[in-house]
Structures are given as structure tokens and as C-alpha cells.
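Worksheet: the structure to be examined is printed underneath.
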Amino acid sequence: MKLFSAKTYIDRRKQLKNTVDSGLILLLGNDEASMNYTDNHYRYRQDSSFLYYFGLNQPGLNALIDIDNDQEIIFGDEFTLDDIIWIGQQETLQSKANKVGITKVNPTAHFESTIKVAQKSGKAIHYLPPYRHDNLLKLSQWLSTPTTQIKIGASVELIKAIVKQRSIKSAEEVEQMIEAVNITKEMHVNAMKSIAAGKYEYEVVSEIYRTAKANNSYLAYPAIFSINGQTLHNHYHGEIMKEGRLVLNDSGAENAMCYSGDITRTAPVSGVFTDKQKEIYNIVLEMEESSIQSLKPGIQYRDIHLASNKLMLNRLSELGLVKGDVNEMVSLGIGGLFMPHGLGHQIGMDVHDMEDLGEQFVGYRDGLSRSTQLGLKSLRLAKELEEGFVITVEPGLYFVPDLIEKWKAERKHTDFINYEKLKEYYDFGGVRIEDDILITTSGPQVLGDRIPKTVDEVEETMRF
Ligand code: GLY
Ligand code: MN
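The number in the numbering used here is simply the position in the sequence shown, starting from 1, with 14 added.
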């Protein structure tokens, strides 16, 4: 188990205790999740907030911070001899807990009674909204609250405190994220080199997974790899890659400390972009690079999203795919036809960092609410950026025939959209380019080593 120093966890908990007013903070760890029968599990993943404050990456743990009595306790059971026969000799939980600055370890069975005593004495019990059903059921039992009321009862004070803290990445976290991106780079370069006409997509996908594993990592999310890049989250890898198509690879490593990379590259199956592909690709590249250049503390990410939409519509207008006033097109949401997703999101231990705590708290704020327009409604980060945020910048340009046909049938924005010319792009697919960026006062820092991105760099990588 890889850990930061005990001081890191002690300081993090201290900061949390200083932010939340009073009462008990419960942080639930994750248990194993069964796949097809009890003892056959999905890959184990600890809860990220639990990892952030208590570091221990194993199932069967919960933790409590008693703000008023300045106590921090991990609840869990030592492995029995029966367990050890199956899983081998283990370091004791007490010894692991000491490494994250915790001296008090209580048996799991005491967790419920500790909560109930605190409840009886009228203490505030702060907990996070559960995203796993087993934790929902446990909270329901421990708090004697119906399951339907558990999410509603989650502590907004605790959520806000954790979002505030976890959003600002420390130097040692950035180091982990750079490692995750560099492993991701290797995954992407190996994938690019393995792309060839006639191969199945899954043959390249296997390269992505192999490279992650060869670096003692997992994927931070299931690979999106497809010649149908216009399907935003395409997890089907059974197509044969044909000459003349583009292939989109959105995949990232989660390293041993559970920090994520989230990178997208798009490459021509043949290894060489056609002129038509180059035109669209370079629009997306310009969107990505100009968005990155404008990142700084204080700027609203929603404005960067809109500026990038405007740039895209200007360039599409030069190609004759749209016409008319670009500002008007932006406010009508026409950009959503070509980029029906947001420009990016926060990233950290979770690929969409802290999304379990509620996007409104992570990407928005009081007075800034989510649009209902196609594209903007999927913008996960809209608020002002701060020094220490790590975010993705991931513009895309897609031709989704079903969507275009629907708008056309509804005669939507016919003054602006050249539906006739768009037909020439129905088999184009889509392009997305994505990097992970640290926000600093001295300029944006693209994390990790450069990953082939320009037309020349991609073609050069695929040549050898
Ligand atoms: N990497 C997938 C996404 O950001 O939604
Ligand atoms: Mn992303």
C-alpha cells in the first residue's frame, strides 16, 4: 500500500476539523463489490474522500472524526487466521493506521453504537451522499433513517469543506498526477502505434490495458476507443478499423496512489490524415490550445467553454458548414450541435473529481446554475478557476447524423446551418483532444510529458 507521510493525512484532517463547525464526521470506506457471485469481485476501489483523509486502501473500513472531542478513529477488524489462509500474512490494521497518524482503531461493530450515542446526545452527524447501495443501507441502519432520506440528509457543510480542500492539489498530489499522465502517455503512444487498417478496435484496446498494468496501474475509467468517435462515451470495441476513418482514444491511467489521468487523442486509421480530416482536426487543436492559453485563476471556465464554441463556429463558417453572426449562434446554442458536451471538469483521484459529492458543489456555485442548452448542460465545471485546480480541457467536434437529421427535420436554425453540406460529413465520426492542466498564477501547466498532438506529431508517431 503506497501512502503519503502520516503528516499529510494529519494535516488534511486538521484542516477539515477547522472548517466544519462541530459534531461527528463519518467517512465510509468502500467494500468489495460482487460481480456474479459473492466472492468474485470487481476490481477493488476505495472511496476517494476516505483515501484523502485516511489513506488506507482496503475494504472493510470506516472512519470517524469527532470535532468536539478532537478524536479520530478508524473502525475495522483485524484479519482472522481464516482470512490469512486465503489472502496471506497481513500487516495489522493497527500498524497501517499508525502510518496515517491514527492511534485508535475500534472494531467495526462499535461504529453503529458510537453513532447512536452521539445522535442521542444531539450532536450533528455529518456524512457524504453515498453512491454505493451497500453504504446507503449501512447509513440507513446506523442513523435509523429510511434509505429515501439518506441522500437528502447528507451534510452540505461537510461537502463544501471537502470540495474546497480537495480541489486545491498539493505539490505531492501534482507529482502523482504527473505520474498518472505519463503512464497515460505510454498507453496512448502504444495505442497509436498499434492502430492499423483491418484490425479490430479491441486489439488496440488490449494495448491500452496492457500498458496500464505494465505500469502497476489500472484504468481510471473504461477506455473509450472507437472509429465512431461521434458517440461520446463509446465502450464498444468490436468494429474493424477501416482505411479512411478516424479513431478516437479517450483513456487514462489511475496510478498506484489512485490519481487519474484523462487524455484524448484522435488518429487516422491509415496513419495519415486526409485534407478533410486535417481541417476538422486543426479546428479542435486550435480550440484546445487557445483554451489552455487562457486558463488562469479567477477566470470563469464557462467563459472559456463559450469562447471555444465561438472559435469553432468561426472556423466552421469558413468551411461553409454554418453561416451568419457567430455571437448569435453561440447564444442560440448552435455550438451544441457540433460539441454536445462541456469543455472539461476537475480531475484528481476521481477522473471526474468529487462528482459523487454533487456537481453543483464542484463545478458551480451559488448564483451560477447549469444551462439547459445542448452542450452547456453537460458542462461539469463552470465556476471561477483557482490556483491549484487541476482540470481537463477537452474540446471536440463531432458529426452525429441522428442529431443533425433531427434538427433538420425540426427546421432548427436553418438560417445558420448548412444542412446540405453537412451531409458530406455523416461518415466522418468525431475528433476530441484532451489534456490535464494545473492552474497556477504563472500560467497554465500541462501535466506530464508532451503527448503527440499536432497532425505531424501524430503521423510521425504512427509511422514507426
Ligand atoms: N474521460 C471521459 C470523460 O471525461 O467524460
Ligand atoms: Mn475528460
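Note that beta-carbon positions come from the ideal geometry of N, C-alpha and C, so glycine has one too.
Query	Result
For the candidate residues Tyr145, Ala234, Tyr295 and Ala185, whose alpha-carbon lies nearest to that of Asp45?	Tyr145
List the endpoints of the continuous beta strand (DSSP E) containing Gln85.	Gln85 to Phe89
What residue range does the alpha helix (DSSP H) around Leu150 cover?	His147 to Trp156
Taking only heavy atoms of the ligand MN into account, decide whether any of them is closer than 8 angstroms to the Cβ of Thr406.	yes
Just checking my contact of Lys183 with Leu371 at CB under 8 angstroms: how many whole Å lie between their CB atoms?	The pair is not a contact, with the Cβ atoms about 16 angstroms apart (cut-off 8 angstroms).
Over what stretch of residues does the beta strand (DSSP E) that includes Gly444 continue unbroken?	Gly444 to Arg446
Taking Gly356 as the reference, give the member of Glu342, Leu382, Tyr315 and Gln374 with the closest Cα.	Tyr315
Check this for me: beta carbons of Glu268 and Glu408, under 9 angstroms apart or not?	no
Which full runs of the beta strand (DSSP E) of 3+ residues lie inside the stretch 222-303, going along the chain?	238-240, 260-265 and 277-282
Just to confirm the assignment, what range does the alpha helix (DSSP H) spanning Asp449 have?	Where Asp449 is concerned, there is no enclosing alpha helix (DSSP H), although the beta strand (DSSP E) it sits in stretches over Asp449 to Leu452.
In the structure shown, what three-state DSSP assignment does Val6 receive?	As shown, the chain starts at 15 and ends at 478. That puts residue 6 outside it, with no answer to give.
Assuming the contact rule is C-beta atoms closer than 8 angstroms, Gly358 and Leu395 should be a hit. Round their C-beta distance to whole Å, please.	6 angstroms
Check whether the Cβ of Gly243 lies closer than 8 angstroms to any heavy atom of the ligand GLY, and answer yes or no.	no
Using the three-state DSSP reduction, which class does Thr475 fall into: helix, strand or coil?	helix
Output the distance between the C-alpha atoms of Gln244 and Gly69, rounded to the nearest integer angstrom.	39 angstroms
Entirely within the stretch 90-119 and at least 3 residues each: give me those beta strand (DSSP E) ranges in chain order.	none
In angstroms, rounded to a whole number, what distance separates the CA positions of Glu293 and Asn328?	13 angstroms
Can you tell me whether Met361 is helix, strand or coil according to DSSP?	The sequence shown places Ile at residue 361, rather than the Met named in the question. Reduced to three states, the DSSP call for Ile361 is coil.
If you draw a straight line from the alpha carbon of Tyr141 to that of Lys420, how long is it in whole angstroms?	44 angstroms
If we require 4 or more residues per run, which alpha helix (DSSP H) segments fall completely within the stretch 15-40?	20-33
Taking C-beta to C-beta, are Ser63 and Leu41 nearer than 9 angstroms?	yes
Should Asp364 be counted as a contact of the ligand MN given a C-beta to heavy atom distance under 8 angstroms?	no
DSSP state of Ile164, grouped into three classes?	helix
CB of Thr278 to nearest heavy atom of the ligand GLY: below 8 angstroms?	yes
State buried or exposed for Arg279, treating a residue as buried only when at least 16 other CB atoms are found within 10 Å of its CB.	buried
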